[in-house]
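Encoded as structure tokens, the structure appears first; notes follow it.
There are 4 protein chains.
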Amino acid sequence: MLAEIRGLNEECGVFGIWGHPEAAQITYYGLHSLQHRGQEGAGIVVSDGERLQAQKGEGLVTEVFTEEMISKLHGQSAIGHVRYATAGGGGIVNVQPLLFNSQNGSLALAHNGNIVNANALKHQLEAQGSIFQTSSDTEVLAHLIKRSGFLTLKEQLKNALTMLKGAYAFLLMTENELLIALDPNGLRPLSIGKIGDSYCVASETCAFDIIGAEFVRDVLPGELIIINDDGLHSEFFSYSTSNAICTMEYVYFSRPDSDIQGINVHSARKNLGRVLAREANIEADVVTGVPDSSISSAIGFAEEAGLPYEMGLIKNRYVGRTFIKPSQELRERGVKMKLSPVRKVVEGKRVIMVDDSIVRGTTSKRIVTMLKEAGAKEVHVCISSPPMKSPCFYGIDTSTHEELIASQHSVEEICKIIGADSLTFLSVEGTLDAIGRQGYGKNCGQCMACFTGEYPTEIFSDTLLPHEKELSR
Amino acid sequence: MLAEIRGLNEECGVFGIWGHPEAAQITYYGLHSLQHRGQEGAGIVVSDGERLQAQKGEGLVTEVFTEEMISKLHGQSAIGHVRYATAGGGGIVNVQPLLFNSQNGSLALAHNGNIVNANALKHQLEAQGSIFQTSSDTEVLAHLIKRSGFLTLKEQLKNALTMLKGAYAFLLMTENELLIALDPNGLRPLSIGKIGDSYCVASETCAFDIIGAEFVRDVLPGELIIINDDGLHSEFFSYSTSNAICTMEYVYFSRPDSDIQGINVHSARKNLGRVLAREANIEADVVTGVPDSSISSAIGFAEEAGLPYEMGLIKNRYVGRTFIKPSQELRERGVKMKLSPVRKVVEGKRVIMVDDSIVRGTTSKRIVTMLKEAGAKEVHVCISSPPMKSPCFYGIDTSTHEELIASQHSVEEICKIIGADSLTFLSVEGTLDAIGRQGYGKNCGQCMACFTGEYPTEIFSDTLLPHEKELSR
Amino acid sequence: MLAEIRGLNEECGVFGIWGHPEAAQITYYGLHSLQHRGQEGAGIVVSDGERLQAQKGEGLVTEVFTEEMISKLHGQSAIGHVRYATAGGGGIVNVQPLLFNSQNGSLALAHNGNIVNANALKHQLEAQGSIFQTSSDTEVLAHLIKRSGFLTLKEQLKNALTMLKGAYAFLLMTENELLIALDPNGLRPLSIGKIGDSYCVASETCAFDIIGAEFVRDVLPGELIIINDDGLHSEFFSYSTSNAICTMEYVYFSRPDSDIQGINVHSARKNLGRVLAREANIEADVVTGVPDSSISSAIGFAEEAGLPYEMGLIKNRYVGRTFIKPSQELRERGVKMKLSPVRKVVEGKRVIMVDDSIVRGTTSKRIVTMLKEAGAKEVHVCISSPPMKSPCFYGIDTSTHEELIASQHSVEEICKIIGADSLTFLSVEGTLDAIGRQGYGKNCGQCMACFTGEYPTEIFSDTLLPHEKELSR
Amino acid sequence: MLAEIRGLNEECGVFGIWGHPEAAQITYYGLHSLQHRGQEGAGIVVSDGERLQAQKGEGLVTEVFTEEMISKLHGQSAIGHVRYATAGGGGIVNVQPLLFNSQNGSLALAHNGNIVNANALKHQLEAQGSIFQTSSDTEVLAHLIKRSGFLTLKEQLKNALTMLKGAYAFLLMTENELLIALDPNGLRPLSIGKIGDSYCVASETCAFDIIGAEFVRDVLPGELIIINDDGLHSEFFSYSTSNAICTMEYVYFSRPDSDIQGINVHSARKNLGRVLAREANIEADVVTGVPDSSISSAIGFAEEAGLPYEMGLIKNRYVGRTFIKPSQELRERGVKMKLSPVRKVVEGKRVIMVDDSIVRGTTSKRIVTMLKEAGAKEVHVCISSPPMKSPCFYGIDTSTHEELIASQHSVEEICKIIGADSLTFLSVEGTLDAIGRQGYGKNCGQCMACFTGEYPTEIFSDTLLPHEKELSR
């Protein structure tokens with residue numbers, strides 16, 4: 001069946017707050033701290049208790065919002081969203097939160113994750129006369145809610161959620177309440193915080209530090225939390241739950257200063273590096289990491305291996321969005337706008353290059369070449385996670401089966417393809433060990449599907465790739 | 001006399017190339033690699049041998065130029081400039097290269113440095129009927145050239161340069177040649193490279209790596225280089241020269257992958273950290289650096305001290321240009337948009353925080369507070385350069401005498417002000433030692449004026465602060 | 001019942017073409033010629049036979065579209081829309097054509113007119129689970145089509161149209177066909193043209209002159225025209241029809257070079273002026289018109305009265321969109337950005353000022369004052385239509401009952417309010433007479449509802465005002 | 001000698017005010033009323049008595065300025081400028097007022113006219129070491145002032161003006177005074193007004209009506225007016241003066257509601273039409289004017305000829321700035337975006353088409369063709385000015401000798417070229433007669449150089465065309 005699976009989707013970040021006089025401004029800062037989770041677009045919807053008002057745009061949080069816009073978003077409650085840059089674009093219509101107005105009131109929706117049966121549900125709804133305005137799987141939830149026969153939004157939502165399969169962290173807001181729902185496997189991170197008397201919610205705990213909120217607790221798998229002027233109320237919409245938090249959140253995606261399920265991301269990465277150093281056991285002169293995400297694991301590796309950690313690769317801090325493509329000749333000369341090697345550091349050295357993962361192999365190949373051209377005698381590539389053999393359907397845009405190099409090639413073959421002198425992946429056990437060592441203990445389950453192919457949910461044959469989503473409109 | 005000195009100026013980056021079919025595009029990439037030297041504005045002037053054409057704007061290189069603009073900049077030669085964000089603004093009129101047209105041909109000018117007697121020269125020129133269009137000290141050179149009685153541009157330029165005091169790396173371009181001049185003390189870095197048969201010139205060697213050029217040599221103090229279709233010709237406009245390259249280029253300003261006078265910047269910083277560790281000799285649990293500029297010295301420190309290097313502070317990669325100011329309440333809660341502590345790393349630890357310099361002390365105080373609020377048991381601040389007691393007049397925007405905390409306070413007082421448990425500055429000897437250990441040896445002189453007050457040139461009482469420049473227009 | 005009627009709506013312009021290689025460009029020019037019908041927004045949807053593609057924006061046609069945009073709108077067929085500036089704004093989401101995508105294909109919709117039972121239908125549809133994305137009455141048609149049980153779009157559309165009451169000229173486009181529908185009373189103008197072998201459709205015939213098309217015929221009340229690659233096919237969705245073209249299209253709204261039902265608008269206006277002159281019979285020195293819409297009737301008046309026609313009022317051609325409000329003091333001094341009197345023309349004269357209509361009376365008062373301040377001895381106001389006593393529900397944004405000065409005051413009272421020396425309205429009979437004299441004869445019926453209160457359709461108590469539409473979202 | 005004359009220049013509009021709390025806002029409205037004199041760019045410089053502040057941009061007044069910008073232009077005095085769209089562009093650097101800052105104070109300059117010896121003076125100044133920043137002839141005056149040895153600005157200016165030849169209406173502003181100078185032949189219009197106690201100055205009197213100012217008097221040829229906090233002071237910098245106001249200001253350029261030297265422009269045009277009707281004496285059915293500038297003369301013509309005036313040509317009010325070029329095919333079909341014929345008005349009729357002038361003949365040819373294609377039986381072209389045989393060097397962008405159709409062809413030949421049934425130009429005597437009949441009598445001299453070739457000033461062989469100006473930079 002996996003042969004038919006066509007793809008996977010997008011990662012995003014969500015933030016919400018209820019009952020604070022500066023709701024829009026706090027949401028702005030919250031989204032800013034989650035910017036690494038999505039750079040395509042950003043949006044904020046505020047509620048003043050009587051109506052919802054939206055402000056959205058394409059680009060970074062600091063590009064989308066001006067001080068004037070934020071000051072005009074009056075209201076005590078807000079939800080916000082940052083959207084990941086999918087290949088096929090998407091346009092302003094897909095920027096979240098989605099806002100639905102009807103003569104019975106308004107509903108705003110922000111979503112991080114991926115609904116694996118979105119396409120089947122959409123077919124069904126359209127056959128019943130529903131008109132979809134976006135190509136987003138998020139809109140499906142709105143239609144399911146509207147068509148549910150139940151009387152209260154809570155019941156409508158619980159009914160609708162039972163029809164969804166996949167990974168989701170949903171924020172919904174009306175004039176009267178903020179509803180928070182996490183999928184029954186808890187695939188995506190979602191935490192509750194408190195700033196003064198006001199509850200807030202965010203994809204990552206780093207948002208709480210930035211706005212001066214305290215961490216309260218993580219949202220649990222299958223939990224539905226309702227926040228309104230009476231406080232926080234929790235219940236469960238599913239009792240068939242498991243704990244399958246995405247491992248790649250630790251390995252690559254989240255910010256180093258976030259804690260996921262009690263485990264700090266930087267510390268987890270450093271541990272991954274330490275375990276990797278023990279598993280690899282390579283003779284070399286220096287250890288270098290690929291900035292920014294692999295710096296922590298490279299330092300852990302260097303410490304464990306007793307080797308000097310060096311800054312062998314520099315990331316240009318001002319990359320920005322250049323639309324100017326180098327000409328063929330310049331490309332061959334190797335224009336390096338994002339990453340440059342530090343010649344004096346690697347020249348004549350046996351270099352261990354630590355990276356977090358290999359998806360298609362093209363980036364690794366480019367970096368190995370770059371280091372060798374800069375004079376490295378040997379380049380040993382050490383990856384702080386296992387080979388990624390299966391696509392992710394839960395909101396991380398990896399690739400199809402065919403494009404995943406580790407799905408098509410052995411480690412030895414990959415090593416040759418990328419031109420490295422040796423290639424070591426962290427073992428599955430080492431990965432679990434390294435992350436699980438801290439926090440609430442070994443029982444904390446993790447989704448390892450992209451490494452093992454064991455998916456925690458059903459997968460459907462018509463689950464769409466992001467660019468297919470656009471075309472299917 | 002120093003009591004009357006009112007200020008100092010701006011840092012910038014320059015790039016030029018002669019005789020390459022893709023001159024504008026290469027200059028674009030060159031400027032992009034020098035972006036860290038100036039983010040206020042950027043400009044490129046190209047020559048097709050018959051006329052000069054300029055394109056400039058405020059903002060980052062990737063914001064100023066579109067692919068279409070670059071493709072319209074026809075010509076085989078180009079010079080470019082990135083401009084530092086001075087406090088008082090400046091506007092598009094001051095973005096360089098400056099382009100002067102007359103009925104005898106055109107002249108483009110790009111400048112990195114600061115002319116300390118600009119104001120006096122401007123007074124004199126205005127008294128003779130010259131009209132200045134910018135508030136830039138760079139324009140003075142154009143007027144001196146135009147009013148010089150000599151017949152050729154080379155002679156006019158040599159004559160004009162004898163009137164200038166201060167630090168300067170000048171690029172001048174006409175329809176027929178590219179002229180390069182470095183001040184007699186060699187205060188600012190400037191290097192020659194070669195891409196195919198075409199010579200290029202850049203403030204830092206990292207530009208050569210990015211465009212695939214080879215490093216040829218550094219420009220020498222007092223040297224005038226002329227590049228035209230006949231090749232490269234060198235002569236000297238001054239024989240009273242010294243080697244006084246700015247120490248802060250190594251400590252803070254340049255990119256880690258650049259080499260200045262044969263010494264790699266990352267390596268110099270790591271050495272600074274090592275020497276600092278020996279001088280400091282502090283008991284602690286972890287070493288952390290203030291990103292990005294102090295990572296190298298922190299790693300050197302950690303290695304020398306045998307302590308673990310940790311990522312105790314995270315820099316938000318998407319800071320961008322937010323014009324949204326946190327409200328008073330949020331400010332008190334400590335909104336941290338640029339830098340956040342990693343609580344799990346510092347909690348309960350004795351932390352050594354390595355930074356490159358202390359100017360006013362406000363940033364250091366904020367970081368120390370941040371680390372303590374995140375649970376650090378002790379915070380020991382170690383600075384990888386000596387106390388900065390005197391303003392810089394050569395192009396680095398430090399501050400006035402009164403604002404430099406080390407000019408007003410002892411090390412003990414500063415330690416108290418910033419709330420640290422201890423404060424260690426690297427010694428002057430240690431600094432010379434650490435940088436001079438590599439490269440062409442100890443004889444390579446350095447400007448240490450901001451630490452010692454011994455300036456390599458005359459200083460004038462009417463040298464202007466950047467914001468005063470604006471007002472004086 | 002009329003006392004409860006709350007308002008009316010917006011005027012717009014539509015254009016469509018099927019099967020021409022330059023469909024988007026022709027639609028651009030067509031919309032440009034209809035710009036006077038709506039300046040808030042413009043949009044074009046093209047079909048290349050396989051998919052529909054939209055481009056829309058707020059502002060004028062020349063502001064919304066760039067040459068690049070038009071060149072990217074590939075396809076042989078297109079529909080376009082210009083939208084009237086309603087008071088309450090509306091935003092990009094309401095700019096037409098609306099484009100609905102589903103897994104069975106796409107549907108684009110452009111509409112000129114007003115559905116008087118839109119609100120009731122929307123209530124019903126929302127109760128059944130439909131989610132509306134716009135506040136436009138146009139979207140109701142899309143939902144009715146989607147929920148109709150019929151198999152073909154033609155049948156679905158015919159079924160849906162029977163549920164709509166009001167005035168409408170609809171263009172619908174799918175990958176395979178262009179559908180055109182006019183309401184059973186033919187309240188809005190809509191004509192078919194031909195350019196080469198390709199049929200086109202436009203709100204006004206002036207669009208055909210501009211693009212070099214020939215006029216074919218007017219669309220008939222209750223007619224449904226389908227244009228596809230097999231040619232043009234016509235049928236009727238209603239047999240209970242009448243001819244009630246809006247009189248204000250002749251009096252004020254349409255372009256003078258358009259023909260509506262065979263009658264040229266400029267000629268109709270000149271005739272209105274002639275009849276008015278006979279009915280008024282006033283002694284005066286000069287006749288002047290309020291530019292631009294009343295110039296034709298003023299010239300007709302002057303010729304009939306044997307008086308000189310003079311340019312007593314000048315309209316500033318560069319008014320643009322100034323958001324700069326004059327201060328109170330300047331307002332009192334009478335800043336005149338749009339209209340200025342020509343002092344030398346009116347000084348000491350008895351002036352007949354011809355205008356097309358009086359809605360609230362404020363503009364007339366301002367012009368009379370302006371003329372008197374410029375020295376006019378007497379100002380006689382002559383209006384080339386009857387007193388407007390009842391609001392329009394069919395797409396012209398007049399006003400509510402309470403705001404219509406002629407609904408609240410007698411002619412004598414209005415004359416006093418506006419400060420005129422006399423005030424003459426054209427009679428209802430004179431109006432019919434003047435317009436009906438030409439074209440296909442007297443049988444050509446006209447909607448005179450705004451003058452007489454006799455509406456050709458049912459009116460519902462919840463018909464919304466434009467600004468109420470926004471609020472009801 | 002005329003064979004060597006290479007060209008002519010640009011028309012503009014100027015406005016200034018001294019000592020009014022709302023100086024910037026009033027200047028904004030003043031410039032808005034002068035918008036017809038220049039649409040390429042606009043600028044305002046304000047003085048608060050201590051410093052000058054500029055705001056400029058390309059485009060219309062309403063596009064260049066926002067409410068926020070105007071509100072930030074603090075000061076009691078201001079000058080402003082609107083710039084004509086020259087073919088070769090020019091860019092923001094040439095948008096006026098020019099602002100020159102020096103250590104002795106600031107000087108702002110706005111200019112309407114053309115300095116015929118600008119090029120020679122520029123050569124001379126550059127040879128002396130001056131650097132020009134713009135390609136504008138206006139900058140020459142600033143350099144002449146700066147290099148003059150006199151002590152006060154008034155004396156420096158008087159000295160500089162004696163070196164200038166040509167047409168000019170100059171406004172100069174410093175922190176302390178507003179200086180106004182008109183060339184010794186009074187070629188360009190310039191008038192003084194008063195709003196409350198504050199004097200203002202404008203190119204046309206229509207600006208006074210718009211801002212609620214009273215007309216005081218016209219500035220006289222060779223007069224220098226100084227306005228400061230002590231009031232208005234007048235003296236003459238030349239006693240060799242004549243009155244040679246530009247005839248084309250009456251015929252075409254000025255707004256109909258302006259008075260130039262006591263003569264209303266609309267009335268002058270109507271008179272031109274009347275005299276033309278008497279001179280032409282043609283049998284026809286209808287008279288039509290080419291909008292907007294020929295409507296007045298067409299009405300005068302129709303009244304004198306006893307023929308009906310009809311709106312045979314419609315100008316699209318929303319032409320805007322379309323950069324979308326019709327394809328070849330569409331062009332051949334005759335896309336008419338700016339002007340359309342009213343078929344029903346001209347069909348089968350003998351049409352007299354009144355226009356103000358013929359420059360190259362291409363527009364006339366296009367309109368004649370348009371009218372014939374719309375069914376006109378005969379088209380008789382009547383021009384309300386004499387054949388334009390010589391280029392203008394005084395600020396109106398006509399054309400070179402070679403491009404002026406009347407310089408190369410007889411009236412009969414032109415008639416054939418444009419395809420008219422007859423062609424009549426107003427005689428030189430008729431022109432003088434028609435304009436001179438009103439106002440201060442026949443003695444009021446006029447520049448008729450473009451009709452007669454008799455220039456009131458010297459003309460130099462290096463007077464530049466506007467596009468040559470750009471190239472010469």
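Residue numbers (the UniProt record's numbering), protein chains in the order written: chain V, 1 to 473; chain Y, 1 to 473; chain A, 1 to 473; chain C, 1 to 473. Just so you know, even glycine gets a beta-carbon here, dropped at the ideal spot from N, CA and C.
Whole-angstrom distance between residue j and residue i, CA atom to CA atom
i, j, result
"Phe-460 of chain V", "Gln-124 of chain V", "15 Å"
"Ala-305 of chain Y", "Arg-278 of chain Y", "7 Å"
"residue 480 of chain A", "Gln-35 of chain Y", "Since the displayed chain A opens at 1 and closes at 473, residue 480 of chain A lies outside it and no answer follows."
"Arg-188 of chain C", "Ala-207 of chain C", "16 Å"
"Lys-72 of chain A", "Glu-454 of chain V", "44 Å"
"Tyr-84 of chain Y", "Gln-96 of chain Y", "11 Å"
"Thr-27 of chain C", "Gly-75 of chain C", "12 Å"
"Gly-13 of chain C", "Ser-77 of chain Y", "40 Å"
"Leu-432 of chain C", "Ile-195 of chain C", "34 Å"
DSSP-derived helix/strand/coil call for residue i
i, result
"Thr-424 of chain C", "strand"
"Val-14 of chain Y", "strand"
"Tyr-252 of chain C", "helix"
"Asp-355 of chain V", "strand"
Extent of the continuous beta strand (DSSP E) run through residue i
i, result
"Arg-366 of chain C", "First-last for Arg-366 of chain C: 362-373, but that is the alpha helix (DSSP H), not the beta strand (DSSP E)."
"Val-219 of chain Y", "No beta strand (DSSP E) contains Val-219 of chain Y, which DSSP labels as neither H nor E."
"Leu-31 of chain Y", "Segment 23-33 is the alpha helix (DSSP H) holding Leu-31 of chain Y; no beta strand (DSSP E) there."
Cβ-Cβ distance between residue i and residue j below 7 Å
i, j, result
"Gly-395 of chain V", "Asn-114 of chain V", "yes"
"Gly-309 of chain V", "Val-342 of chain V", "At residue 309 of chain V the sequence reads Tyr, which differs from the Gly that was named. Going by C-beta atoms, Tyr-309 of chain V is not nearer than 7 Å to Val-342 of chain V."
Range covered by the alpha helix (DSSP H) that runs through residue i
i, result
"Met-69 of chain A", "67-72"
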